[in-house]
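K.L.:
First, the structure itself, so that you have it in front of you.
Numbering (this note's numbering), first residue to last: 3 to 480.
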């Protein structure tokens, strides 16, 4: 069951959504207008699955472009909902904007609950009664900050649930995905009987066209797009299906250099972008083709790859600079980024190569989750050592040479490999880089983080020790 949470700016909608969902996903700030897109959070109450749709603050008297976009998003959330919750500020009392929203909600074909927020003590309860004047029934007194009345509000919502929704799962063949978009029952991991959902984070500097690209992926204006930098502040999770695969698109706030983060709002937006990369399978780092791949784009790509997700760079707005030296940009990215992610071109405006970007994103997720058979890995190891002889030790070790004896994959997401050697002290940084790069070339692991453990032959299975090669960090770790 979906619940659209609407209200005038700065009445505490996002704080209330976080309280009801038991999370901190929605961006909360004292400044009005922080929430602009609609964001869905899943929760449960008394056995009823609920999806809370947080929306931007709606002021129907405002008519600038961004205000109209926020109003459109709120109306679409309402059209998609089974129940609406109108959040009002009990400390200020009814305002003209509350009456305008109440009039709009009276025309909606869904039940409406008025949540009188900011009732932080029992002595303030009478203030909620003022909102009877909105003509939407008895207001529920709540405090998003203290949690007072949140159970009463959830009880009221569940009581209004349509009968078809209350009947748990009747007529449904599969359970819905969990709050992180996990695959439903009957699906399997990539290496098994099917493919799991692909979590795709869309990250990058402000105003490079991330939201436009997400809307092009979805074929609908699901995320607010504005020429003003920094319009997106939440990380918005959007389920999506492409080529018979389930994807979860994560549109994120623009990342800026720390010195240019303007105030707390952008700081927390950047923090959520980092968290989005950490929970993604694949990150698309969107760049502006007019600027080429900037140093900040490279830093963002490095951040994504350190989080463990596969990464590709997308030069968006390619229609505005088709003469850009693409091979030069790819060479620069390969030189600066150890994981050598692919550099793709696209235009969210015209749709050029957008589908190809999604094809590559799904393929990256599969390669990050896939397993390479042990016989193939050992053929690869033999060919790699034949092409470049392993290093020999200095005089102290009487010219002993590194021997690579056996290779197997020990983990996925990201892929992890174990190479048995005669002496881990003989593993040099250069040779570890060489093996890493050959592995990427052979198995198309460009942009996919990999970990290589060098384990001595005499070392017992499961014993501590060995050397681990962590690509991109420039060292072998004991």
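Ideal Cβ placement from N, Cα and C applies to all residues, glycine included.
Give me, in chain order, the residues of the same chain whose beta-carbon lies closer than 7 Å to that of residue 149; leave out the 5 immediate sequence neighbours on both sides.
P.N.:
21
K.L.:
Give the range of the alpha helix (DSSP H) segment to which residue 422 is assigned.
P.N.:
Unbroken run through residue 422 is the beta strand (DSSP E), 418-423; no alpha helix (DSSP H).
K.L.:
Assuming residue 147 and residue 17 are in contact, meaning their beta carbons sit under 8 Å apart, how far apart are those beta carbons, in whole angstroms?
P.N.:
Contact holds; Cβ gap of about 7 Å.
K.L.:
Around the C-beta of residue 438, are 16 or more other C-beta atoms found within 10 angstroms, so that it is buried, or is it exposed?
P.N.:
buried
K.L.:
Look up residue 50 in the DSSP assignment and say whether it is helix, strand or coil.
P.N.:
It is a strand residue.
K.L.:
Is there a C-beta anywhere in chain B that falls below 8 Å from the one on residue 419?
P.N.:
Judged by its chain identifiers, the structure shown contains no chain B, having just a single protein chain.
K.L.:
Hey, could you find the ends of the alpha helix (DSSP H) residue 20 is sitting in?
P.N.:
15-23
K.L.:
Would residue 120 be called buried (16 or more neighbouring beta carbons within 10 Å of its own) or exposed?
P.N.:
buried
K.L.:
Can you tell me which of the three DSSP states residue 330 falls into?
P.N.:
helix
K.L.:
For residue 14 and residue 89, what's the separation of their Cα atoms in angstroms?
P.N.:
When the Cα atoms are used, residue 14 and residue 89 turn out to be separated by approximately 7 Å.
K.L.:
Could you check if residue 391 is buried or exposed, using at least 16 other CB atoms within 10 Å of its CB as the buried criterion?
P.N.:
exposed
K.L.:
I'd like the list of long-range same chain contacts for residue 163, defined as Cβ closer than 8 Å, with 5 residues on each side in sequence excluded.
P.N.:
Counting only residues of its own chain and dropping the five nearest sequence neighbours on each side, residue 163 has a CB closer than 8 Å to the CB of 3, 50, 84 and 85.
K.L.:
Looking at the structure shown, is residue 203 part of a helix, part of a strand, or coil, going by DSSP?
P.N.:
strand
K.L.:
Which one or two residues does DSSP pair with residue 6 in a beta bridge?
P.N.:
55 and 86
K.L.:
Does DSSP classify residue 280 as helix, strand or coil?
P.N.:
If DSSP states are grouped into helix, strand and coil, residue 280 belongs with the helices.
K.L.:
Where DSSP assigns a beta bridge to residue 347, which residues make up the other side?
P.N.:
317
K.L.:
Would you mind sorting residue 43 into buried or exposed? The rule is 16 or more other CB atoms within 10 Å of its CB.
P.N.:
buried
K.L.:
Can you give me the start and stop residues for the beta strand (DSSP E) that residue 455 sits inside?
P.N.:
453-458
K.L.:
State the DSSP-derived secondary structure class of residue 159, mapped to helix, strand or coil.
P.N.:
helix
K.L.:
Run through the segment 98-124 for me and flag every whole beta strand (DSSP E) of 3 or more residues, listed as ranges in chain order.
P.N.:
114-119
K.L.:
May I have the straight-line CA-CA distance separating residue 154 from residue 371, to the nearest angstrom?
P.N.:
44 Å
K.L.:
Three-state secondary structure (DSSP) at residue 66?
P.N.:
coil
K.L.:
Residues bridged to residue 93 by DSSP?
P.N.:
For residue 93, which the question treats as bridged, DSSP gives no partner whatsoever.
K.L.:
Can you have a look at residue 347 and say buried or exposed, based on whether 16 or more other CB atoms are within 10 angstroms of its CB?
P.N.:
Buried, because 16 or more other Cβ atoms sit within 10 Å of the Cβ of residue 347.
K.L.:
For my contact list, residue 135 and residue 80 are in at a C-beta cut-off of 8 Å; report their separation, rounded to the angstrom.
P.N.:
Actually they do not touch by this definition, with Cβ atoms about 22 Å apart.
K.L.:
Have a look at 369, 161, 96 and 101 and flag the residue whose alpha-carbon is nearest the alpha-carbon of residue 63.
P.N.:
101
K.L.:
Under the three-state reduction of DSSP, which class applies to residue 246: helix, strand or coil?
P.N.:
Assignment of residue 246 by DSSP, reduced to helix, strand and coil, places it in the coil class.
K.L.:
In the DSSP assignment, what are the bridge partners of residue 403?
P.N.:
394.
K.L.:
For residue 403, count the other beta carbons within 10 Å of its own beta carbon; 16 or more makes it buried, fewer makes it exposed. Which is it?
P.N.:
exposed
K.L.:
Measuring CA to CA, which of 19, 111 and 283 is closest to residue 450?
P.N.:
283
K.L.:
Report the rounded CA-to-CA distance for residue 505 versus residue 291, giving the unit in angstroms.
P.N.:
Since the first residue shown for the chain is 3 and the last is 480, residue 505 is missing from the structure and cannot be characterised.
K.L.:
Looking at the secondary structure, which residues open and close the alpha helix (DSSP H) in which residue 295 lies?
P.N.:
Judged by DSSP secondary structure, residue 295 falls outside any alpha helix (DSSP H); it is assigned neither H nor E.
K.L.:
Put residue 448 into one of helix, strand or coil per three-state DSSP.
P.N.:
In the three-state reduction of the DSSP assignment, residue 448 falls in the coil class.
K.L.:
Is residue 425 near residue 458, with beta carbons less than 8 Å apart?
P.N.:
Taking 8 Å as the Cβ cut-off, residue 425 and residue 458 qualify as a contacting pair.
K.L.:
Going by CA-CA distance only, name the one from 304, 137 and 381 that's closest to residue 113.
P.N.:
137
K.L.:
Thinking C-alpha only, which one of 213, 434 and 311 is nearest residue 318?
P.N.:
213
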